[in-house]
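Trainee: The structure follows.
In this note's numbering, the protein residues as written are 9 to 415.
Shown next, in the form of structure tokens:
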């Protein structure tokens, strides 16, 4: 069996996360797709967003499929990556919109089938600071994967047309081979005791030696995940409109700054392990504080474009401090055989947050009496910033209460 502590094996664990965000790889080819298939702008955008619908369904079904058919995490991950590769390349060979849309739906099913297991398998095999580091690296791998697949698909588009951009999904088979060769089977590890960090002890009233059921705190983390992504995706969605409002209708440079967001997110994921090792549960306060600051800079920037960009670039770093912490808490909040389920629940929170972010931003605008155009697009973000600070205070007082109860 390969040594789980070796760099190569760790890279194999992380490699499958490189493809999780590859649904966005074809964004650069949407104008060509729209023209070639004679479809509307909305129909072309569905080719990017449709996989997320399937992800939300299959992150629920995946642990059930594992339980029904007694499939290990490694095998379900390999199945999901295989589906991503096969479904991803279908549009290379067809010109029918409905066929391509169905293939994208199946692509999302592949992501959903293995996304939670890619996280929970790390929690099964690693513990302590090593687990925290791996979860941070996994979050960074998603951002790196999105940046790389976008770039590679764009290169394929430039010399092979829109059909060629889908060739990026051939990389799924390379990932599959690497993962299959280097990652050990997890069936034995799921029956073994996993050493706990006791991070979650700060959120619960007692420190149990043996975890036998899912803690109610898991459902609070799902809501937490939902709110974090509502904020992050909302800022991402509204920045282009605000850029035009500030710089004029002919401004087209917003995509460059949106790409730079990934750098901050990647750095957050890379630094998470070291920061968590030093601050422990205090990492959540640092993350929420920086996210709130980002929202205030973005929301109160007015016509100061530089200040708005600083707020935009800042938000990715703290998000990747807080989101790995959510997954790092899960092994202390549920038994090992329920890790795929609780991980799936948190992923649903993230996906629903992404899906509903535009509606929540619109509702916030209405409550504030601000238009959903021009500079009014920035209105929700100071509200989000205040909400994040309130959440931080609630967590702080809740953990102090639980600490007193335990004494």
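Glycine residues also receive a C-beta, built at the ideal position from the N, C-alpha and C atoms.
Between the C-alpha atoms of residue 239 and residue 281, what's the straight-line distance to the nearest angstrom?
Mentor: The sequence position of residue 239 within the chain shown is 231, counting from 1. The sequence position of residue 281 within the chain shown is 273, counting from 1. Looking at the two C-alpha atoms, the distance is approximately 23 Å.
Trainee: Kindly confirm or deny that the region 63-75 and the region 114-121 touch, where touching means at least three C-beta pairs closer than 8 Å.
Mentor: yes
Trainee: State buried or exposed for residue 31, treating a residue as buried only when at least 16 other CB atoms are found within 10 Å of its CB.
Mentor: For the purposes of this step, residue 31 is identified with residue 23 of the chain shown, where counting begins at 1. Buried.
Trainee: If you measure from the CB of residue 396, is any heavy atom of the ligand ZN nearer than 7 Å?
Mentor: Looking at this structure, you won't find the ligand ZN or any other ligand, since it has none at all.
Trainee: If the criterion is Cβ atoms closer than 8 Å, does the pair residue 132 and residue 89 meet it?
Mentor: As a position in the chain shown, residue 132 is number 124, starting the count at 1. As a position in the chain shown, residue 89 is number 81, starting the count at 1. No, these two residues do not count as a Cβ contact at 8 Å.
Trainee: Flag this pair as yes or no: are the beta carbons of residue 331 and residue 147 separated by less than 8 Å?
Mentor: For this step, residue 331 is matched to residue 323 along the chain shown. For this step, residue 147 is matched to residue 139 along the chain shown. Yes, these two residues count as a Cβ contact at 8 Å.
Trainee: Assess contact between the region 380-392 and the region 307-318, defined as three or more Cβ pairs (one per stretch) separated by less than 8 Å. Is contact present?
Mentor: Three or more Cβ pairs closer than 8 Å define a contact, and the region 380-392 meets that threshold against the region 307-318.
Trainee: What did DSSP end up calling residue 359 once you bin it into helix, strand or coil?
Mentor: For the purposes of this step, residue 359 is taken as the residue at position 351 of the chain shown. Looking at residue 359 - three-state DSSP - the assignment turns out to be helix.
Trainee: Taking only the alpha-carbon atoms, compute the straight-line gap between residue 199 and residue 343 and give it to the nearest angstrom.
Mentor: Residue mapping note: residue 199 aligns to position 191 of the chain shown, counting from 1. Residue mapping note: residue 343 aligns to position 335 of the chain shown, counting from 1. Bear in mind that the predicted position of residue 199 carries a pLDDT of just 44, short of 50, making it unreliable; the figure below should be weighed with that in mind. Cα-Cα distance, rounded: 10 Å.
Trainee: Tell me which residues share the same chain as residue 150 and place their Cβ nearer than 6 Å to its Cβ, disregarding the 5 neighbours each side in the sequence.
Mentor: The sequence position of residue 150 within the chain shown is 142, counting from 1. The residues are 25, 28, 29.
Trainee: Which of helix, strand or coil does DSSP assign to residue 171?
Mentor: Position 163 of the chain shown holds residue 171. If DSSP states are grouped into helix, strand and coil, residue 171 belongs with the helices.
Trainee: Write down every uninterrupted run of the alpha helix (DSSP H) in the region 13-92 whose length is 4 residues or greater and which is fully enclosed by it, in chain order.
Mentor: 15-23, 38-45, 49-77
Trainee: Just the C-alpha distance for residue 191 and residue 12, rounded to the nearest angstrom, thanks.
Mentor: Taking the chain shown and counting its residues from 1, the one referred to as residue 191 is at position 183. Taking the chain shown and counting its residues from 1, the one referred to as residue 12 is at position 4. Cα-Cα distance, rounded: 8 Å.
Trainee: With a threshold of 8 Å, are at least 3 pairs of Cβ atoms found where one atom belongs to the region 51-58 and the other to the region 218-234?
Mentor: The region 51-58, when compared against the region 218-234, does not touch it at the 8 Å Cβ threshold.
Trainee: Smallest Cα separation from residue 41: which of 85, 159, 168?
Mentor: For the purposes of this step, residue 41 is identified with residue 33 of the chain shown, where counting begins at 1. Checked all of 85, 159, 168; the closest Cα to residue 41 is 168.
Trainee: Just the Cα atoms here: how many angstroms apart are residue 37 and residue 223?
Mentor: Here the question's residue 37 lines up with position 29 in the chain shown. Here the question's residue 223 lines up with position 215 in the chain shown. Roughly 44 Å separates the two Cα atoms.
Trainee: Can you give me the start and stop residues for the alpha helix (DSSP H) that residue 226 sits inside?
Mentor: For the purposes of this step, residue 226 is taken as residue 218 along the chain shown, with counting starting at 1. Per DSSP, residue 226 belongs to the alpha helix (DSSP H) from 225-255.
Trainee: When you compare each of 322, 162, 327, 259 to residue 292 by their alpha carbons, which one comes out closest?
Mentor: Stepping through the chain shown from its first residue, residue 292 is reached at position 284. Closest option to residue 292, judged by alpha-carbon separation, among 322, 162, 327, 259: 327.
Trainee: Cβ of residue 303 within 8 Å of Cβ of residue 382?
Mentor: As a position in the chain shown, residue 303 is number 295, starting the count at 1. As a position in the chain shown, residue 382 is number 374, starting the count at 1. Contact: no.
Trainee: Measure the Cβ-Cβ separation of residue 277 and residue 145 and say whether it is below 8 Å.
Mentor: Indexing the chain shown from 1 puts residue 277 at position 269. Indexing the chain shown from 1 puts residue 145 at position 137. A contact, by the Cβ cut-off of 8 Å.
Trainee: Under a three-way DSSP split, which group does residue 191 fall into?
Mentor: Here residue 191 refers to the residue found at position 183 of the chain shown. Three-state DSSP puts residue 191 in coil, outside helix and strand.
Trainee: Using alpha carbons as the reference points, say which of 322, 104, 399, 400 lies closest to residue 271.
Mentor: For the purposes of this step, residue 271 is taken as the residue at position 263 of the chain shown. It is 322 whose Cα lies nearest to the Cα of residue 271.
Trainee: Classify residue 285 as helix, strand or coil using the three-state DSSP reduction.
Mentor: The residue given as residue 285 occupies position 277 in the chain shown. Helix at residue 285.
Trainee: May I ask which residues mark the beginning and end of the alpha helix (DSSP H) holding residue 420?
Mentor: With the chain covering 9 to 415 only, the question about residue 420 has no answer from this structure.
Trainee: Starting from residue 322, follow the alpha helix (DSSP H) in both directions and report where the run begins and ends.
Mentor: Position 314 of the chain shown, counted from the first residue, corresponds to residue 322. Where residue 322 is concerned, the enclosing alpha helix (DSSP H) stretches over 313-337.
Trainee: Roughly how many angstroms lie between the CA atoms of residue 59 and residue 226, to the nearest whole one?
Mentor: Numbered from its first residue, the chain shown carries residue 59 at position 51. Numbered from its first residue, the chain shown carries residue 226 at position 218. If you take the alpha carbons of residue 59 and residue 226, they lie about 25 Å apart.
Trainee: Give the single residue among 181, 346, 317, 113 whose Cα lies nearest to the Cα of residue 246.
Mentor: Here residue 246 refers to the residue found at position 238 of the chain shown. Of 181, 346, 317, 113, the residue nearest in Cα terms is 317.
Trainee: Using the Cα positions of residue 127 and residue 349, report the straight-line distance between them to the nearest angstrom.
Mentor: Within the chain shown, the letter at position 119 stands for residue 127. Within the chain shown, the letter at position 341 stands for residue 349. So the alpha carbons of these two residues sit roughly 11 Å apart.
Trainee: Please state the DSSP three-state secondary structure of residue 183.
Mentor: In the chain shown, the residue the question calls residue 183 occupies position 175. Note: residue 183 maps to helix in three-state DSSP.
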